[in-house]
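With the first letter of the sequence shown counted as 1, position 79 gets the number 416 in my numbering; the numbers rise by one all the way through.
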Amino acid sequence: MSTELTILDELQDGDRRSVGRSNQVVETIRRQPVLFPALIDGMHHDDEVVRMRAADALEKLIVTNPEWLQPFKVQLIKHVSTLRTR
Numbered sequence: 338m339s340t341e342l343t344i345l346d347e348l349q350d351g352d353r354r355s356v357g358r359s360n361q362v363v364e365t366i367r368r369q370p371v372l373f374p375a376l377i378d379g380m381h382h383d384d385e386v387v388r389m390r391a392a393d394a395l396e397k398l399i400v401t402n403p404e405w406l407q408p409f410k411v412q413l414i415k416h417v418s419t420l421r422t423r
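Given below as structure tokens:
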């Protein structure tokens, strides 16, 4: 992944039915866990595709690193409580 692009830039564009580059983002964050909060930010992104792919990457990462989610638990619960379903 290019250092010129942010994690969320990597998740943009393409067909919304695909995971895009979320698997590459997962590998980058596994090597650099300090980037994990970017996925939390991605859950609030204006772009629906970024939100979906951030959630996909987040899910893949917390399977093996559930403790990474702990600092964001309250924030995510508040966010989820405001979501509408279709």
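C-beta atoms are modelled at their ideal positions from N, C-alpha and C, and glycine is treated no differently.
Since we're looking at a predicted model, the values are computed, not measured.
Give the single residue among the options whose Cα lies nearest to the Cα of residue i.
i, options, result
"Leu-383", "Gln-349, Leu-372, Gln-369, Thr-343", "One detail in the question is off: residue 383 reads as Asp in this sequence, not Leu. The residue with the shortest Cα to Cα distance from Asp-383 is Gln-349."
"Arg-390", "Val-362, Asn-402, Leu-406, Gln-369", "Val-362"
"Ile-399", "Arg-353, Glu-364, Ile-344", "Glu-364"
"Leu-345", "Thr-419, Val-371, Met-380, Pro-370", "Met-380"
"Gln-412", "Glu-385, Ile-377, Pro-403", "Ile-377"
With DSSP as the reference, label residue i as helix, strand or coil.
i, result
"Ser-339", "Low confidence applies to Ser-339: its pLDDT is 44, below 50, so where it sits in the model is not reliable, and the reading given next is rough at best. The answer is coil: DSSP assigns Ser-339 none of H, G, I, E or B."
"Thr-401", "helix"
"Thr-419", "coil"
"Gln-369", "coil"
"Val-356", "coil"
"Met-389", "helix"
At least one CB of chain C closer than 9 angstroms to the CB of residue i: is that the case?
i, result
"Asp-346", "Of the chains in the structure shown, none is chain C; there is only one protein chain."
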